[in-house]
Amino acid sequence: MDTIVAISTAIGNSGIGIIRLSGENCFDIIKKIFKTKGKEVNIKPNTINYGYIVDRDEIIDEVLVSFFKSPKSFTTENMCEINSHGGIIIMNRILEICIKNGARLAEPGEFTKRAFLNGRIDLSQAEAIIDVINAKSEKEAKASMKQLNGFLSSKLKNIKEMIMEVLVDIEASIDYPEYDIEEVTNNRVLNVMEKVKEELKKLRKTFDNGKMIKEGVNIAIIGKPNAGKSSLLNAILREDRAIVTEYEGTTRDTIEEFIQIDGIPVKIVDTAGIRETDNFVEKIGINKSKEAADKADFVIVIIDSSKDLTQEDKEILNIVKNKKGVILLNKNDLVSKINNEEIEKYSDGKQILSISALNKEGIDKLFNVISNMYKFNEIEIDDSVTITNNRHKVAINNMIENVDKSIKTINDKMPIDIITINITNILTEIGKITGESVSEDIINEIFKKFCLGK
Ligand code: GDP
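Numbering (my numbering) for the sequence shown: 1092 to 1545.
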């Protein structure tokens, strides 16, 4: 394949940056632009070489270049990685020189796509790479690494082997259609199918945890203007356990941030912008709170306890009546005007915590309430596979449906060869996860989600 090039490290100024090349002419290109001690480089696979990137006679940067010879590389093609200084100008210049000498700018995910197309990894492993890179929590990273290491692939391979055995059995029974063989075959096939179903159901069950690990819990902070929403968000984000990541969905009216609590990602939406919408503040405040609460799995209602409980507080508490949540009596560093009994009338059984967002007091208690409610500590990634991808779950559901149909066919004493259709369907669904039976469109769609240089 043609030689592709991309900057693989994040764009920004850093100590080093990596420019990656992959393809047939990769070594020819590097020979033209990389000089060691003023000489053309001698390509020795699996070595790191010190020298300079040059543009004709001009020295561009002092670098280290590693060589990987096909098939022993990430893409299975010849590959080079140039470790340059991590400045944008320098890295872009090196990129340009590579292109000038015959490389093409890689598309997002194209290195990984080549690793997949060249058979080094299957599609589930390629998808795991995106998940590892984008992981928002430790548990998600761990589950994705397991998938990258081929745990899911090998589970599916086992299932495929069992199913193939069934096919052979059925063919044998068609070739020798005596009654007793048929009976034996039916029992054996039934046995295998029950086992396959068991395995698939176990796999599907892991998606409950998988979804939690990947998507976590959506939390909205709501409360009237000046109750302390922004202060609370700041306090949460400064907490040691909270690792902050930027989230694209941040809009003008709301701030969205990811933190992790006990290894699970939690998206926090703060409806901060509300008070800036002048005259209709109260109305808009209530509407926005309602909107945010509707979208959230869990609501944090924050009330200014240094003031009397207002109609607006009551309305907000009413909005979240049937939602999971917690009520925070904020500003406990000031003299309190609200007591628990008064709030309990409107709390609908929600736990009430007294905190001070300003002094960052009570945030631990808040985290514990959330963690306990969703049993974060019980969500463990053990040594088995955890399905975190909805596409995979859909395929597994389809497999189970086909297994059920074949079991029914056998139990209804229908001719057994009918189930070869279901078996073919199951194999196709396995192929949808591993990538053997996925359309090019879907493959392109998956790799589009990658970042440049991966
Ligand atoms: P929001 O409008 O709900 O986002 O409220 P802010 O977080 O902007 O807080 C409104 C005001 O209350 C600010 O002046 C904060 O400094 C103050 N505030 C927030 N939390 C506390 C607290 O726990 N104690 C005290 N004394 N003041 C607080």
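Here a beta-carbon is modelled for each residue, glycine too, at the ideal position from N, C-alpha and C.
Hey, would you say the C-beta of GLY1453 is under 7 Å away from at least one heavy atom of ligand 1? For GLY1453, the distance from the CB to the nearest heavy atom of ligand 1 is not below 7 Å.
Nearest residue (CA-CA) to PRO1162, options ALA1194, HIS1176, ILE1212 and PHE1458: When the alpha-carbon of PRO1162 is set against those of ALA1194, HIS1176, ILE1212 and PHE1458, the nearest one is in ILE1212.
Where do the ends of the beta strand (DSSP E) carrying GLY1142 lie? GLY1142 -> beta strand (DSSP E) spans 1139-1146.
Can you list, in chain order, the residues of its chain with a C-beta nearer than 7 Å to that of ILE1617? Leave out the 5 residues immediately preceding and following it. With the chain covering only 1092 through 1545, there is no way to say anything about residue 1617.
Which class does GLU1289 belong to by DSSP, given the choice of helix, strand or coil? When secondary structure is reduced to three states using DSSP, GLU1289 falls in the helix class.
Would ILE1250 pass as a contact of VAL1287 if the rule is Cβ separation under 8 Å? The Cβ atoms of ILE1250 and VAL1287 lie closer than 8 Å to each other.
Quick check: is any heavy atom of ligand 1 less than 7 Å from the C-beta of LEU1449? True, at least one ligand heavy atom lies under 7 Å from that Cβ.
Residues of its chain near SER1244, where Cβ-Cβ distance is below 7 Å and the 5 sequence neighbours each way are ignored: Around SER1244: ASP1213, SER1215, GLN1216 and THR1525.
Using 8 Å for Cβ pairs, my map puts SER1397 next to VAL1426. What's the rounded Cβ distance? With a Cβ gap of about 7 Å, SER1397 and VAL1426 count as contacting.
Measuring straight from C-alpha to C-alpha, what distance separates LEU1186 and VAL1145? Straight-line measurement puts the Cα of VAL1145 at about 12 Å from the Cα of LEU1186.
Need the endpoints of the beta strand (DSSP E) that VAL1357 sits in, please. Counting along the chain, the unbroken beta strand (DSSP E) around VAL1357 starts and ends at 1355-1361.
What three-state label does DSSP hand PHE1165 in the structure shown? Note: PHE1165 maps to coil in three-state DSSP.
Nearest-angstrom Cα distance between ILE1501 and THR1511? In this model, ILE1501 and THR1511 are separated by some 12 Å (Cα to Cα).
Cβ-Cβ distance between VAL1360 and ILE1461 below 8 Å: No.
Among PHE1118, ASN1137 and THR1138, which one has its Cα closest to the Cα of GLU1131? Taking only the C-alpha atoms, the option nearest GLU1131 is PHE1118.
Other residues of its chain near LEU1239: CB distance less than 7 Å, five sequence neighbours each side excluded: Result list for LEU1239: GLN1216, ALA1219, ILE1220 and VAL1223, in chain order.
Using 8 Å as the Cβ pair cut-off and three pairs as the minimum, do the stretch 1513-1532 and the stretch 1489-1498 touch? Note that the stretch 1513-1532 touches the stretch 1489-1498; at least 3 beta-carbon pairs, one per stretch, sit closer than 8 Å.
So, helix, strand or coil for THR1127, using DSSP? THR1127 falls in the strand class under three-state DSSP.
Under 8 Å between the Cβ atoms of ILE1394 and ASN1421? Their beta carbons are under 8 Å apart, which means ILE1394 touches ASN1421 by this criterion.
Under a three-way DSSP split, which group does ILE1134 fall into? Coil at ILE1134, not helix or strand.
What did DSSP end up calling LEU1328 once you bin it into helix, strand or coil? The three-state reading of DSSP puts LEU1328 in helix, counting H, G and I together.
Is it buried or exposed, CYS1542, if we count other Cβ atoms within 10 angstroms and call 16 or more buried? In this structure CYS1542 is exposed. Its beta-carbon is surrounded by fewer than 16 other beta-carbon atoms within 10 angstroms.
Between the stretch 1287-1296 and the stretch 1526-1536, do at least 3 Cβ pairs fall closer than 8 Å? Because the criterion of three Cβ pairs below 8 Å is not met, the stretch 1287-1296 and the stretch 1526-1536 do not touch.
Please classify ASP1353: is it buried, with 16 or more other beta-carbons within 10 angstroms of its beta-carbon, or exposed? With 16 or more other Cβ atoms inside 10 Å of its own Cβ, ASP1353 counts as buried.
For VAL1275, the nearest candidate out of LYS1523, LYS1504 and GLY1522 (CA to CA): Taking each of LYS1523, LYS1504 and GLY1522 in turn and checking the Cα distance to VAL1275, the smallest one comes out for LYS1504.
Name, in chain order, the residues that DSSP records as bridge partners for ASP1266. ASP1266 pairs with nothing; no bridge assigned.
Determine, using beta carbons only, whether PHE1207 and ILE1310 come nearer to each other than 8 Å. No; because the gap between Cβ atoms is not below 8 Å, this pair is not in contact.
Which runs of the alpha helix (DSSP H) spanning at least 4 residues fall entirely within the stretch 1185-1269, listed in chain order? Counting whole runs of 4 or more residues, the stretch 1185-1269 contains the alpha helix (DSSP H) stretches 1201-1208, 1214-1225, 1229-1239 and 1242-1266.
Please state whether the Cβ-Cβ distance between ILE1454 and ILE1327 is less than 8 Å. Yes; because the gap between Cβ atoms is below 8 Å, this pair is in contact.
Hey, is ASP1033 close to ligand 1, as in C-beta under 7 Å from one of its heavy atoms? With the chain represented from 1092 up to 1545, any question about residue 1033 goes unanswered, as that position is not in the structure.
For ASN1421, verify whether its CB is less than 7 Å away from any heavy atom of ligand 1. Yes, the Cβ of ASN1421 comes within 7 Å of a heavy atom of ligand 1.
According to the neighbour-count rule (16 or more other Cβ atoms, all chains shown, within 10 Å of its Cβ), is ASP1399 buried or exposed? ASP1399 is exposed by the Cβ-count criterion.
Three-state secondary structure (DSSP) of VAL1390: In the displayed model, VAL1390 falls within a strand according to three-state DSSP.
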